[in-house]
Each structure stands twice: as C-alpha cells, then as structure tokens.
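Chains as they are written, first to last, in my numbering: chain A, 1 to 480; chain B, 1001 to 1315.
Glycine included, each C-beta is placed from N, C-alpha and C at the ideal position.
Treat the numbers as computed from the prediction; the structure is a model and nothing was measured.
Written below as structure tokens is the structure these notes are about.
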C-alpha cells in the first residue's frame, strides 16, 4: 500500500434483532393488521428486504385511537407530571443503553452513515426524552397558565429522513404534557419506530399511551381524518402538509406542520473560509441532503466566488461515499428509488436550464440508490434548482454583491425554515439575523440541534415550533 | 521563491499580507478536527500507519540531565527501534540539544545510522529569549557539529507585540546560516500564541521567511500539538503550496504519546493537506514515549496479543 487507504471498518449487524415481519403496536401489544396487508421495507444501500411491515387501514386506526383515548382517560390524564417524567426518563435511558442497536437499525433502514446515526440521531433522540422528562412536572411554570391541560389524543406523522429523531421530537413533548399518541412512521423507514415500541414495553409504559401504526400515505391520510383526534402534528413535505391543512380546515383540530425548506447559506467575503467550506458541506451533504433545513442554496459574495468554489470542490472530492455501516463513510445511500428519481429529475432541470454541474468523483456502488455530492454553479433565482426543494446532495450556488442583495435573495423563496450566515464581523451577523425570514438562523455553523432550542419555519415551511418551551405549547390546550 | 514576491520583507508589507488571510473560526476548526478524530483505522491501514508513524518520529531527548550515554542509547533505539524485528523502519531523525549533536552524529555513524539525520534545537530553545548574536551562534555551532536539521523557536514576545518584521528577519537570518547545509524547522510554540488566528499568521510568516518545516511546539509548554492547531497548520501548508508551488512540512510535537494519537495525526494529514504530505520528508512527529507505544501496537497486530512493556526497550 503506497497511500493511506482506509481499510473497511463496518459496524457489526450482529447486535440487531430485526423480525421477519412486524404487526401494529396498539394498546401495548404487537397485533396483526385487520386486512393482513403487508409491504416490505428495504435497505436502500443494497435493496435487500429487511422486514415485512403491516399496512394499517381505517379499522386498525380506529383501534389505535380508541386505545389511546382509553389510556388517556383511564391512566395518563390522571397521572401526575412527576410520574409521567419517570417513564420519559426510563425511555431515555433505554435509548442510551440500546444506542448501538438503534444506530445500526436506523442505518440499515434509512441508508444514512453509521457515523451520523451513532453521533447524531440516537444521542439527540435520547436527549429529547431527557429534556422533556424534565418539563413534565414543571408545566405550571412554563408560562402556559396555572393548570396547563393536554389536548388528549394526538396523531403524529413523521418523515423518513430522521426516523427515530423525528419520533422523539413528536412523542417526547406529547407525553410530557400528558397527551397520548398514535404515531405513523414513514413507509420506507418504520423499523426504529417499531423498535421504539419495544422500548415502550420495556419501560412498562401503560398500554395505549403510545401506539405505532405503519402504512403508506393512505394510512396517514386516514389517521388525520379520524374524528376522535384532538391534535395533529406532521413533519414532511410541503405538498402533503398543505393537504393535511386543507383536510383539517373544516374542523377545530389544532395542527402543527414542519415542512420543506430551501435554506440559504450566505458566505460574506470576511468569513473564516475553511470553516465556511466545512459548514456548507455539513449544510448540504449531512444526511445525503435529506434535511428539511439543509443549506441547499449557497449565496456567495461575488468577489470570493472562484477561491471559495475551488476550496469547496477540493473538499467535496474528499467526501467518502459508500457502505453506510462503515464508520468512515461520510455520505450514504439515498433513501428510496422514488427520492433518487426526484433528485435526478431536478438536477436534469438544472442542466437543461443552463446551470453548470460538477459532481465529486466517487465510486457509486452497483446496487442500491446513490447520488454523488453535486454542486451547480451559475444558478440564478430563476432556476428551478434555486426554488424547489431537492432533498438530496445537490447544492446550488448563487452570487450576491452587497449584504442587502444577499438578504433579498435569501428571503426570495416561498420557504423560510433555515439560513446560515458566515462572517467574522459580529455586527453583520446580527444585522443579517434581523433581516432573514427563517425560523432557524445559524452563524458560522450549521445544522446544530438541541432539545432546548425551538425549531420551525416561516411561510410554507410550517406552522408552530418543536423543541424548547415553545414546542411544549403545541401540545397544551389553548396555548399560544 | 515566488511566494516571496508577495511581500518585500518590510513590516508594512508583512502586515498587509497577513491581513488578507481569512480568519479561523475556532469552534468550526475544533469540530472538523473532532470529526476526523472518529475515523476508524483498522487492519492493513493500521499496519501501514504504524510503520509510517515510526519513520516520521523525530526521536527526542531535551533534558538538562542528558548525557553522552543517554544520547547514545537514543541513537541506537532510533536506528533499531525493535531489536527483535529488523522490519521495523528507523525513525525520521534524532532531536537533541546543540551540545549533544556531535555525540549523536558520531554514534549514529558508528552503528550504521548514517542515513538518520540529527536535528538540533537552536536559537535559545525553548524560550528564545537571547540576543540575535547568541541565536545565530547557537545555530552555527549545531551545524558545524553535524546537525542537518535545525529546530528554531520564533520570538513569541515579538510576535505577540506586533513586531512581525522582527520575527521574519530572525527566521531569515537563521535560514541563511542553514542555507543548503540544514533543513529549517520553525517552532511556533502555539501554546503561547493561543488563538488559531495567530497560529495561521505565524505559519505564513515562517513559510514566507523560508521555513522548510513549521513545527507546533517545543514540548515545554502545554497545550502543544492539539488537533485543531495541527489542522490549521496543515491548511496553511496546503494553501501555501497553491501560492508558491512549494511544499512545506509540518511537525507536531508535544503530547503525542499513543498510537491512536499518532494515527489521528496521519488522518489529519491525509484529509487536510493531502497524501503528498504523508512521508517523513514532509511530516514529522516530535516524540519520545510514542515510539514504544507504536512498537507495542505493532506487535499486537502481528501476534494478535498484547505484550507487556518489558518486551520493548526503555531507551
């Protein structure tokens, strides 16, 4: 060996215990779905089938909602916050104890690298349960009135990009505030949610407090339309979010939506360039770009465009794409064939509309769904790739001349979830922060998450906040 | 050197050039270094890395208590780190105080270690607090005794008080003495410069003044060769190559004691500067205790068992 090639260092699958098929988790037990319909969940890195999953229909949903209602009336609403906290703490600790197993299962089912599931998804999920466990007995001091009251039964639908983490974002605050839950994980990534159901059993959580039903879009749609749901929380695409908002518009059901984004990462000429390059890489290639708050638009001050781009491309050439279970992999598989097709479609449009494409040279595996880290230069506001969410490892580079123009371009989007500002000048960062219309703004960093920090969007990026004190409000009746 | 055209050596031109360098965000640099610290180096790549790390060591003794006997055992160890295994490469150099250079050179030559260079710390190491005259003489002495590598310290007092020209001139003066007789390693003593912005500036200052290597620390100050510091210096040599087409070496020293630490350094080299730097001509590790840990890990890889410390020689 003449060069320092990294030998494969895969995490072992031996720690996992994935069943061949899974039922629905209703009232504390795994039960067969009423119509016995099944679908498969696969490993997107090699297209191997991991398990058969039950497809819930209206009858199953009704069963789950009834279980949640009964648990709410008989047990959970009567329990003190202090007692609820004990369950949350127990769940958090179990997640930590089984962290490695969860990380491997998440990587298998989702395609994201083990480095991320191990260092981000799973520890953050546990952190959300710990954080909200702390709130459970202190709700009267959270600023929502003297006796904050839960909604009752909450329907929650989560996406496939951070399966367990999004489950934690949803279930932890709901339980802490005294709601019971019917949650539907995404069709392509149900495994960690089903593993979480086992954790609920292990933690002796009273039956019916958490119910997990699996299925496709039809299941989700039936769930939010169920008449006995007191609140809906959804994370996913803006398209589906609009449908949910429409279907709930006729009633009084409160809803929180966490939808798409087209985050702008603004790099000013005085930015710490090497760290800005890292931040841009992290902003768009973290989790294969399957991040609603991804920094998918790079706004570069024109006078540093060439220098910055050369640094960026060199850094992109060092990204390691491959086996998601390998501990040295930086970028894993695209979650599904459908998502890969969407990424291909949008990047073809970028080429057709005259932007210049450059992809990092990397070996694409024969099987599975993959897309090399890609950057488009010469992009303008009028390109589709500057306006539509790609949800893949594709970065669009635009330029600006003055700070005012940067803000104008950054805000010129129907979305408003995230933004990043890179500058060594504190006053400029604060000024930009005041003018950017985005729910989360990072300065000289990107994609930082903490349970104590509220997360959510402006405009078509969603309604409401998750995390922090603000996030609690979504699960308390009448809270603003 | 073409990079020298960037400046004319005056205080103003130096300051102007160094001001054009982008800042370093400390949090970002620490984060990047931490992520690279999680790289998992196994089996064949670990074997390669251990041998490469051994051949990059500047095996060092810099103690008031150094004696001829101590220096001779160091040299023997440098040539044959593991007496039972001739396949173990020799180290990159031995690094000693000025007055020990002759002893080291003679002993190395007498045992067949002609190819191992002797590096001398010079210029009133470690503090650098002496007159220019003394520093120059210190360097001349070392070279005349057979040192082919000079590890000089910069005047941190001058750097921190903004006398950049002073620091620059001193490095150039030492470089002139070294000329083609000795390689010049410039020690920045990053533990005293404290900020990563300073580390980047001092790196450029040294490279512009003619350093062949930039070195983190004397080993007498902590913190020494931390991962973010080495990362910033590797970025500096990478970017300086773009400017000048000259590759400057990097030498972390101080605090690198385990195989794991050493491998993390090699990962930084590969992923920041690039594979071109992965050889003893362009990357050295200043260390003493590290060598035995590398040898023990090497035995473990070959035999599958951990041996006790009694199976490696103490010096």
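Beta-carbon of residue 96 of chain A versus every beta-carbon of chain C: anything under 8 Å? You won't find chain C in this structure, because its protein chains are A and B.
Note the first and the last residue of the continuous alpha helix (DSSP H) segment covering residue 87 of chain A. Residue numbering aside, residue 87 of chain A sits at position 87 when the first chain is read from its first letter. DSSP places residue 87 of chain A in the uninterrupted alpha helix (DSSP H) bounded by 81 to 97.
Hey, out of A/70, A/457, A/18, whose CA is closest to residue 50 of chain A's CA? On the first chain, residue 50 of chain A is found 50 positions in, with the first residue counted as 1. For the set A/70, A/457, A/18, the Cα lying nearest the Cα of residue 50 of chain A is the one of A/18.
So what's residue 484 of chain A in DSSP terms, helix, strand or just coil? Coverage of chain A is limited to positions 1 through 480, which leaves residue 484 of chain A absent and any answer about it impossible.
Using a Cβ cut-off of 7 Å, which residues of the segment 1219 to 1249 of chain B contact any Cβ in chain A, in chain order? For the segment 1219 to 1249 of chain B, residues whose beta-carbon sits nearer than 7 Å to a beta-carbon of chain A comprise 1235.
With a Cβ-Cβ cutoff of 8 Å, do residue 385 of chain A and residue 332 of chain A count as a contact? The sequence position of residue 385 of chain A within the first chain is 385, counting from 1. The sequence position of residue 332 of chain A within the first chain is 332, counting from 1. Cβ distance not < 8 Å, so residue 385 of chain A and residue 332 of chain A don't count as in contact.
Interface flag, residue 1261 of chain B vs chain A, CB-CB below 8 Å: The residue given as residue 1261 of chain B occupies position 261 in the second chain. At a cut-off of 8 Å, the C-beta of residue 1261 of chain B has no neighbouring C-beta in chain A.
Tell whether a beta-carbon distance below 8 Å holds between residue 1271 of chain B and residue 1036 of chain B. Stepping through the second chain from its first residue, residue 1271 of chain B is reached at position 271. Stepping through the second chain from its first residue, residue 1036 of chain B is reached at position 36. Closer than 8 Å, so yes.
Reference residue 42 of chain A, options A/10, A/466, A/107, closest by Cα: The residue labelled residue 42 of chain A in the question sits at position 42 within the first chain. Comparing Cα positions, the closest option is A/107.
Reduced DSSP secondary structure (H/G/I, E/B, other) of residue 204 of chain A: As a working mapping, residue 204 of chain A is identified with position 204 in the first chain. Reduced to three states, the DSSP call for residue 204 of chain A is coil.
So residue 350 of chain A is in the alpha helix (DSSP H); what residue range does that whole segment cover? The sequence position of residue 350 of chain A within the first chain is 350, counting from 1. Per DSSP, the unbroken alpha helix (DSSP H) holding residue 350 of chain A starts and ends at 337 to 352.
Tell me the residue span of the alpha helix (DSSP H) that contains residue 1265 of chain B. Here residue 1265 of chain B refers to the residue found at position 265 when the second chain is read from its first residue. Its alpha helix (DSSP H) spans residues 1259 to 1268.
Complete alpha helix (DSSP H) runs within the segment 183 to 232 of chain A (minimum length 4 residues, chain order): Qualifying alpha helix (DSSP H) stretches, in chain order: 191 to 202, 217 to 225.
Of all the CB atoms in chain B, is at least one closer than 8 Å to the CB of residue 481 of chain A? The displayed coordinates of chain A run from 1 to 480. Any statement about residue 481 of chain A would go beyond what the structure contains.
By how many angstroms is the C-alpha of residue 1136 of chain B removed from the C-alpha of residue 1184 of chain B? Walking along the second chain from the start, residue 1184 of chain B turns up at place 184. Walking along the second chain from the start, residue 1136 of chain B turns up at place 136. Residue 1184 of chain B and residue 1136 of chain B: Cα-Cα distance of roughly 13 Å.
Proximal residues of chain B, C-beta to C-beta of residue 424 of chain A below 7 Å: Residue mapping note: residue 424 of chain A aligns to position 424 of the first chain, counting from 1. In chain order, 1023 make up the part of chain B whose C-beta sits under 7 Å from the C-beta of residue 424 of chain A.
Once DSSP output is grouped into helix, strand and coil, what is the label at residue 1199 of chain B? As a first step, residue 1199 of chain B is located in the second chain; it is residue number 199 there, counting from the start. Reduced to three states, the DSSP call for residue 1199 of chain B is helix.
Along the segment 1024 to 1054 of chain B, where does the CB come closer than 7 Å to a CB of chain A? Name the residues. Residues passing the 7 Å Cβ filter: 1024, 1025, 1027, 1028, 1029, 1032, 1038, 1039, 1040, 1041, 1042, 1043, 1044, 1045, 1048, 1049.
DSSP three-state label for residue 19 of chain A, please. Numbered from 1 along the first chain, position 19 holds the residue referred to as residue 19 of chain A. Coil at residue 19 of chain A, not helix or strand.
Option nearest residue 153 of chain A by Cα separation, candidates A/89, A/253, A/95: Position 153 of the first chain, counted from the start, is the residue given in the question as residue 153 of chain A. With distances taken between CA atoms, residue 153 of chain A lies nearest to A/253 out of A/89, A/253, A/95.
Give the secondary structure of residue 54 of chain A by DSSP, where H, G and I count as helix, E and B as strand, and everything else as coil. Numbered from 1 along the first chain, position 54 holds the residue referred to as residue 54 of chain A. Strand, per DSSP.
Suppose the cutoff is 6 Å on Cβ atoms and the five residues either side in sequence are ignored; what does the same chain contact list for residue 481 of chain A look like? Nothing in the structure corresponds to residue 481 of chain A, since chain A is present only between 1 and 480.
Spell out a yes or no on whether the segment 354 to 361 of chain A and the segment 140 to 148 of chain A are touching, meaning 3 or more CB-CB pairs, one atom from each, closer than 8 Å. Cβ pair count under 8 Å is below three, so no.
With a cut-off of 8 Å, do at least 3 Cβ pairs link the segment 1261 to 1271 of chain B to the segment 1160 to 1167 of chain B? Short answer: they don't touch.
Return the bridge partner residues of residue 119 of chain A from the DSSP annotation. If you number the first chain from 1, residue 119 of chain A lands on position 119. Its beta-bridge partners do not exist; DSSP assigns none.
Answer with buried or exposed for residue 22 of chain A, where buried requires no fewer than 16 other C-beta atoms within 10 angstroms of its C-beta. In the first chain, the residue the question calls residue 22 of chain A occupies position 22. The C-beta of residue 22 of chain A has 16 or more other C-beta atoms within 10 Å across all chains shown, which makes the residue buried.
Express the C-alpha separation of residue 256 of chain A and residue 233 of chain A in angstroms, rounding to a whole number. Here residue 233 of chain A is taken as the residue at index 233 of the first chain, counted from 1. Here residue 256 of chain A is taken as the residue at index 256 of the first chain, counted from 1. The alpha-carbon of residue 233 of chain A is positioned some 5 Å away from that of residue 256 of chain A.
Between the C-alpha atoms of residue 291 of chain A and residue 1138 of chain B, what's the straight-line distance to the nearest angstrom? Along the first chain, read from residue 1 onward, the residue named residue 291 of chain A stands at position 291. Along the second chain, read from residue 1 onward, the residue named residue 1138 of chain B stands at position 138. One Cα belongs to residue 291 of chain A, the other to residue 1138 of chain B, and the distance between them is close to 59 Å.
Here's the rule: buried if 16 or more other CB atoms are within 10 angstroms of the residue's CB, otherwise exposed. What is residue 1001 of chain B? Numbered from 1 along the second chain, position 1 holds the residue referred to as residue 1001 of chain B. Confidence at residue 1001 of chain B is low in this model, with a pLDDT of 42, below 50, so the placement of that residue should be treated as unreliable; the coordinate-derived value is given next. Per the 10 Å Cβ criterion, exposed.
State yes or no: is the C-beta of residue 410 of chain A within less than 8 Å of the C-beta of residue 264 of chain A? Here the question's residue 410 of chain A lines up with position 410 in the first chain. Here the question's residue 264 of chain A lines up with position 264 in the first chain. Yes. Within cutoff.
If you draw a straight line from the alpha carbon of residue 1297 of chain B to that of residue 5 of chain A, how long is it in whole angstroms? The residue given as residue 1297 of chain B occupies position 297 in the second chain. The residue given as residue 5 of chain A occupies position 5 in the first chain. Going by the C-alpha atoms only, they are around 19 Å apart.
Return yes when the Cβ of residue 1232 of chain B is within less than 8 Å of the Cβ of residue 1250 of chain B, no when it is not. In the second chain, the residue the question calls residue 1250 of chain B occupies position 250. In the second chain, the residue the question calls residue 1232 of chain B occupies position 232. No, the Cβ-Cβ distance between residue 1250 of chain B and residue 1232 of chain B is not below 8 Å.
Against chain B: residues of the segment 3 to 31 of chain A by CB proximity under 8 Å: Interface annotation for the segment 3 to 31 of chain A against chain B: 3, 4, 5, 6, 7, 8, 9, criterion Cβ-Cβ distance under 8 Å.
Helix, strand or coil at residue 9 of chain A [DSSP, three-state]: For this step, residue 9 of chain A is matched to residue 9 along the first chain. In the structure shown, residue 9 of chain A sits in coil (DSSP, three-state: anything other than H, G, I, E or B).
Can you tell me where the alpha helix (DSSP H) with residue 431 of chain A in it begins and where it stops? In the first chain, the residue the question calls residue 431 of chain A occupies position 431. Element bounds for residue 431 of chain A: 426 to 435.
Taking its Cβ as the centre, do 16 or more other Cβ atoms sit within 10 Å of residue 427 of chain A, making it buried, or is it exposed? Working through the first chain from its first residue, we reach residue 427 of chain A at position 427. Exposed, because fewer than 16 other Cβ atoms sit within 10 Å of the Cβ of residue 427 of chain A.
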